[in-house]
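Sequences listed follow chains H and S, in order.
All letters in the first sequence, in the order written, are residues 1 to 336 by UniProt numbering.
All letters in the second sequence, in the order written, are residues 1 to 336 by UniProt numbering.
Ideal Cβ positions, reconstructed from N, Cα and C, are used throughout, including at glycine.
Here is the structure we will look at, set down as structure tokens.
Protein chains: 2
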Amino acid sequence: MSKKNRQVLLAKRPKGLPDDSTFQFVETDIPEPGEGEVLVRTLYLSVDPYMRGRMSDAKSYAEPFKVGEPLTGGVVGEVVKSNAKNLSEGDIVTARLDWADYSVAKEEYLRKVDPDAAPITTALYVTGMPGLTAYFGLLDIGKPKEGETVVVSGAAGAVGSVVGQIAKLKGCRVVGIAGSEDKINYLKDELGFDAVINYKTTENIREELKAACPDGIDVYFDNVGGEITDAVISLLNFHARVAICGQIAHYNDTEIEMGPRFLPYVLKHSILIKGFIVSDYADREEEGMNALAQWLKEGKIKYKENIIEGLENAPDAFLGLFRGDNLGKQLVKVSN
Amino acid sequence: MSKKNRQVLLAKRPKGLPDDSTFQFVETDIPEPGEGEVLVRTLYLSVDPYMRGRMSDAKSYAEPFKVGEPLTGGVVGEVVKSNAKNLSEGDIVTARLDWADYSVAKEEYLRKVDPDAAPITTALYVTGMPGLTAYFGLLDIGKPKEGETVVVSGAAGAVGSVVGQIAKLKGCRVVGIAGSEDKINYLKDELGFDAVINYKTTENIREELKAACPDGIDVYFDNVGGEITDAVISLLNFHARVAICGQIAHYNDTEIEMGPRFLPYVLKHSILIKGFIVSDYADREEEGMNALAQWLKEGKIKYKENIIEGLENAPDAFLGLFRGDNLGKQLVKVSN
């Protein structure tokens, strides 16, 4: 056990795309857990697009990160010191914790992970925040019915890949939108998507979508926003449902962008659009977790991880999300 | 009883704003009702903005009007000949019927109006399509809670004026947006709105809205779209609800207009946006009708009508909706 604790702080709020100057590494002493608290050694750290939002101080659903304090994100770690009743040394736990080698947390804030049920990293993916986001956004907002057509953007991402697979389990035609041939082959060949469109190489995304969705689009799960979303909205059916989960095309905007006005279309087609965040469903977490764990166990939801080694590479792993680098869930392995 | 039946036909589909060339007057024989049908003499005709949509043949929720056939709209009329079991001469009825002196309709298509319960014209307003639209859009989509702030655009129109009054009955702060001093005085002094903004004279609608809504906006009932809606959306609270009922700013657009992208804001604030049409609530019509009739009877919903005389003036009455002429529900009196 190293004597020091490396932390990654928010050095300053980014304008536009974050870069190296957004992050600052510091070394501190390893913190001591107080009464009812434990010391967690970080094993894996999750980097997710939503964190870009918390780097700004604009009014939002989530408390912004504070400048000069550690960034936080999904962590799977090992309890190495416990002053808590129900957690012991060696237990594997997950929670939103510091980007650091070590964090201290209250026991009630941590969820225990059973390492025998599934690889522990799945607690940051299929049975973690991305999986729950997919589950509630698709099923509670999208309400897909058998035989309907579901389109998901950012389809190869952590959330999108689960959305598409749940939609397949519900008997839908599933069309994904992604940005590389590798991603497209993975989604079609391994995850069973009915069609996948490469938005980077297509000459006309709307025409390609139209061909891939001969009966129109009933459900749209949006991770990206921008022109992809414009094209999808213009093909929505009467009474279609749109879950706005992400807008990665806009996270680094420095001003409000212009786009086609679609509310007249929304009116004519009695369309539902709902922005959401997984914490809207906090009281149903158990339900989602159980369903996802069951599907995972039965092999009905597959997954792929992209693991970068070393806390020092966490900023670059995060920035890669905006370059579209990752096929599969992007994780950072911090220690063994 | 005149010997001839004047009808107003759709002469051609308008591009942009309709004008006189959109309409054609013809004289036909008075039709004969078949078995189970009645002949209805038009007393009042309702003109409503949604009819602009049906003049186009773009895919929409409503069957488009056919070129060369009579326009149809809300009518209150008198049964003058009956081959139907449950309707007799002299009965007052309402339905969507021809823009004409006379229409023939099947009995099951007509709703009887009790002339002793309220003035018969209210069947085209408070207890008719506009009232039901206000009722379901506000209560089912907007779900206003006591103490919340509700903003309604097109506030002096048939739908908007009922929306604001129901929101007041639910204990909300109600802020209207309208386009003339007469309308503003009416909404404030007679209907009890807490604040009303004149979008035509304001220098900065967003700033004025912000001042009128110190706690932000929880519910937005949109009848207009365009820049007014842009301003309202940018002030919505976390978990706000938006009912898209009308987009009159766009009905005469000949191409898709550009506007600020607001889906990132919708995401950050977990906002719901729902386009709707009153027929989405066909199975709850009775509930809405009873509630509205009760409020009307108790004087809790007030109304004002703007009545133009003569079928020949129906096109102009309709076009006036887009000029913002009318204070109160626009009706055409066709006969006594």
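Check the Cβ of residue 280 of chain S against every Cβ in chain H and list those closer than 9 Å, keeping chain order. Residues of chain H passing the Cβ test: 239, 270.
Taking Cβ positions, are residue 93 of chain S and residue 134 of chain S nearer each other than 9 Å? Between residue 93 of chain S and residue 134 of chain S, the CB-CB gap reaches or exceeds 9 Å.
What is the DSSP secondary structure of residue 222 of chain S, reduced to helix, strand or coil? DSSP places residue 222 of chain S in strand when its eight states are reduced to three.
State yes or no: is the beta carbon of residue 129 of chain S nearer than 9 Å to at least one beta carbon in chain H? No, its Cβ sits nowhere closer than 9 Å to a Cβ of chain H.
Anything in chain H within Cβ reach of residue 258 of chain S, meaning under 9 Å, just list it in chain order. 258, 259, 260, 261, listed in chain order.
Look at the alpha carbon of residue 222 of chain S and the alpha carbon of residue 35 of chain H, and state the distance between them as a whole number of angstroms. Rounded to the nearest angstrom, the two C-alpha atoms are 53 Å apart.
As a quick exercise: from S/282, S/218, S/227, S/249, pick the residue whose alpha carbon is nearest that of residue 261 of chain S. Out of S/282, S/218, S/227, S/249, S/227 has the C-alpha closest to the C-alpha of residue 261 of chain S.
So, is residue 22 of chain S buried or exposed, given that buried needs 16 or more other C-beta atoms within 10 angstroms? Residue 22 of chain S comes out buried.
Can you check DSSP and say which residues form a bridge with residue 262 of chain S? In the DSSP secondary-structure assignment, residue 262 of chain S is not bridged to any residue.
Spatial neighbours of residue 339 of chain S within its chain, please: CB distance less than 7 Å, with the 5 preceding and 5 following residues excluded, ordered by chain position. Residue 339 of chain S cannot be examined here, being either before or after the span of chain S that is shown, 1 to 336.
Among S/63, S/157, S/247, S/124, nearest to residue 267 of chain H - alpha-carbon criterion: It is S/247.
Tell me, please, whether the CB atom of residue 218 of chain S is closer than 9 Å to any CB atom in chain H? With 9 Å as the cut-off, residue 218 of chain S does not count as an interface residue toward chain H.
Among residues of its own chain, excluding the 5 on either side of residue 270 of chain H, which ones have a beta-carbon nearer than 8 Å to its beta-carbon? Contacts found: 238, 239.
Give a yes or no on whether 9 Å exceeds the smallest Cβ distance from residue 266 of chain S to chain H. Put simply, the CB of residue 266 of chain S is near chain H, with a gap under 9 Å to one of its CB atoms.
Would you say residue 105 of chain S and residue 5 of chain S are within 9 Å of each other, going by their C-beta atoms? For residue 105 of chain S and residue 5 of chain S, no; Cβs fall outside 9 Å.
When the cut-off is 9 Å and only beta carbons count, does residue 254 of chain H lie next to chain S? No, because no Cβ of chain S sits closer than 9 Å to the Cβ of residue 254 of chain H.
By the criterion of Cβ-Cβ separation under 7 Å, what are the contact partners of residue 403 of chain H in chain S? This structure cannot speak to residue 403 of chain H, because chain H is shown only from 1 to 336.
Cα-Cα separation, residue 110 of chain S to residue 102 of chain S: Approximately 14 Å between the Cα atoms of the pair.
Would you mind stating whether residue 331 of chain S and residue 49 of chain S have Cβ atoms separated by less than 9 Å? Between residue 331 of chain S and residue 49 of chain S, the CB-CB gap reaches or exceeds 9 Å.
Compare the C-alpha of residue 250 of chain H against each of H/20, H/44, H/56, H/27 and name the closest. Closest by alpha carbon: H/56.
Closer than 9 Å by beta-carbon distance: list the chain H residues that pair up with residue 16 of chain S, in chain order. Residues of chain H passing the Cβ test: none, with the nearest at roughly 14 Å.
Residue range of the alpha helix (DSSP H) that includes residue 162 of chain S: 158-169 is the span of the alpha helix (DSSP H), which, as asked, contains residue 162 of chain S.
With 9 Å set as the bound, which would you pick, yes or no: does the beta-carbon of residue 301 of chain S sit closer than that to a beta-carbon of chain H? No, its Cβ sits nowhere closer than 9 Å to a Cβ of chain H.
Let's test the definition: count the other Cβ atoms within 10 Å of the Cβ of residue 184 of chain H and tell me whether it reaches 16, buried, or not, exposed. With a threshold of 16 other beta carbon atoms within 10 Å, residue 184 of chain H meets it and is buried.
How far does the beta strand (DSSP E) with residue 127 of chain H in it extend, from its first residue to its last? Bounds of any beta strand (DSSP E) do not take in residue 127 of chain H, whose DSSP letter is neither H nor E.
Within 9 Å of chain H by C-beta, residues of the segment 17-38 of chain S in sequence order: Hits within the stretch: zero.
Bridge partners of residue 70 of chain S, per DSSP? Among the bridge pairs identified by DSSP, residue 70 of chain S is matched with S/9.
Can you list, in chain order, the residues of its chain with a C-beta nearer than 8 Å to that of residue 15 of chain S? Leave out the 5 residues immediately preceding and following it. So the qualifying residues of the chain are 254.
Per DSSP, the bridge partner or partners of residue 173 of chain S: Residue pairing by DSSP places residue 173 of chain S opposite S/149 in a beta bridge.
Between residue 151 of chain H and the rest of its own chain, which residues show a CB-CB distance below 6 Å, the 5 nearest in sequence each way excluded? The beta carbon of residue 151 of chain H sits closer than 6 Å to the beta carbons of 175, 217, 220, 232 from its chain, once the five residues preceding and following it are set aside; these are given in chain order.
Along chain S, in chain order, which residues have C-beta atoms closer than 9 Å to that of residue 160 of chain H? Going along chain S, no residue has its Cβ under 9 Å from residue 160 of chain H, so there is no contact; the nearest lies around 15 Å.
In chain S, which residues lie with their C-beta within 9 Å of the C-beta of residue 225 of chain H? At a beta-carbon threshold of 9 Å, the residues of chain S lying near residue 225 of chain H are 261, 263, 264, 267, ordered along the chain.
Please state if the CB of residue 25 of chain S and the CB of residue 137 of chain S are separated by a distance shorter than 9 Å. Using a Cβ distance threshold of 9 Å, residue 137 of chain S and residue 25 of chain S do not count as a contacting pair.
Interface positions of the segment 173-205 of chain S facing chain C (Cβ-Cβ less than 7 Å), listed along the chain: The structure shown contains no chain C; the protein chains it does contain are H and S.
Under the three-state DSSP convention, the category residue 102 of chain S falls into: The three-state secondary structure of residue 102 of chain S, taken from DSSP, is strand.
Whose Cβ in chain H lies nearer than 8 Å to the Cβ of residue 244 of chain S? Those within 8 Å of residue 244 of chain S in chain H are 263, 266, 267.
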